[in-house]
Every structure is written in structure tokens, then in C-alpha cells.
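Colleague: Pasting a structure below so you can have a look.
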Amino acid sequence: MLAAFLDDIRDHDMIAPRRMADRLRLPMARLARLAHVNRNTMAAKPESPAVQAKLGEIARIIARAAELSGDEGKAIIWFRHQPIAGFGKTAEELVEAGEAAAVLWTLETMDQGVYA
Numbered sequence: 022m023l024a025a026f027l028d029d030i031r032d033h034d035m036i037a038p039r040r041m042a043d044r045l046r047l048p049m050a051r052l053a054r055l056a057h058v059n060r061n062t063m064a065a066k067p068e069s070p071a072v073q074a075k076l077g078e079i080a081r082i083i084a085r086a087a088e089l090s091g092d093e094g095k096a097i098i099w100f101r102h103q104p105i106a107g108f109g110k111t112a113e114e115l116v117e118a119g120e121a122a123a124v125l126w127t128l129e130t131m132d133q134g135v136y137a
């Protein structure tokens, strides 16, 4: 599952912002806000280390959620719409707020059997 998602959003050796936006069903401007990257920079220099690092963070969250749920579609719905217990915000909102590490931590605790 992880490999399929990553293969779908990659263009050679980099994460392609347009492909990721399409998979997440987000406009490019919204993906840029989530990644904390200027949308023009993301479009003009998608290979930049800063863009790739931020998109990689989002990709890891989606891939990990897909591993836990067994379905990429469910993972995307969870990311975008399901508030996380204890935070009162969705994973998407937390990532936008710069809290991607908290989302990854939540996914790890869920994997260890803690209900969220």
C-alpha cells in the first residue's frame, strides 16, 4: 500500500506536487498552505529540498494512515475529515498548524493499540 501511494505521487526521484494534490483531492494552493511553501515556489521548483521535505512529511502521514486502515481512500478521508481525539482538529488542520509530528505520533500510538 505504501509503495503504491508513493509510486503514484512520484515523478522520477521526487514527489510531484500536482500528483499529490490530485491524490488528496486538494487544489494546489491548499497543498502549498499545508506544506508551508509558497505555491509559486512549489510549482516552479518542486525539486527543492524544502518543498520535497514538506511534501514528504504529508506523504508519510498518508502512507502510515493507509497502512493502519488498509485503504488509501480511508486514509485520505481520515486525514481530511476526522478530528483526532485529544486535539479536536483533523490531521490536515494539524499539519497546516505545523504539527505534523503530533499526527505521526498519533498514528504510532494507534498502531500500538491506543484508540484515537
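With the sequence shown counted from 1, adding 21 to any position gets you the working numbering. Yeah, the Cβ is synthetic: ideal placement off N, Cα and C, and Gly gets one too. Model, not experiment: these values are computed from the prediction.
1) Pull up the distance between the alpha-carbon of Trp99 and that of Ile105, whole angstroms please.
2) Pairing CB atoms from the stretch 118-135 with CB atoms from the stretch 59-68, are three or more of them under 8 Å?
3) Assign Ala137 to one of three DSSP states: helix, strand, or coil.
4) By Cβ distance below 7 Å, which residues in the same chain neighbour Gln73 in space, the five residues on each side in sequence not counted?
5) The alpha helix (DSSP H) with Arg46 in it runs from where to where?
6) Taking only the alpha-carbon atoms, compute the straight-line gap between Ala42 and Glu88 and give it to the nearest angstrom.
7) Can you give me the C-alpha to C-alpha distance between Ile83 and Leu55, rounded to a whole angstrom?
8) Using a Cβ-Cβ cut-off of 7 Å (strictly less than) and excluding sequence neighbours within five positions of Glu113, which residues of its own chain qualify?
9) By a C-beta neighbour count over all protein chains shown, 10 Å radius and 16 as the cutoff for buried, is Ala50 buried or exposed?
Modeller: Let's see:
1) 9 Å
2) no
3) Summary for Ala137: the model assigns pLDDT 49, below 50, so the residue's position carries little reliability, and this model does not support an answer.
4) Met35 and Ile36
5) Unbroken run through Arg46: none, as it is neither H nor E.
6) 20 Å
7) 13 Å
8) Leu55, Phe100 and Arg101
9) exposed
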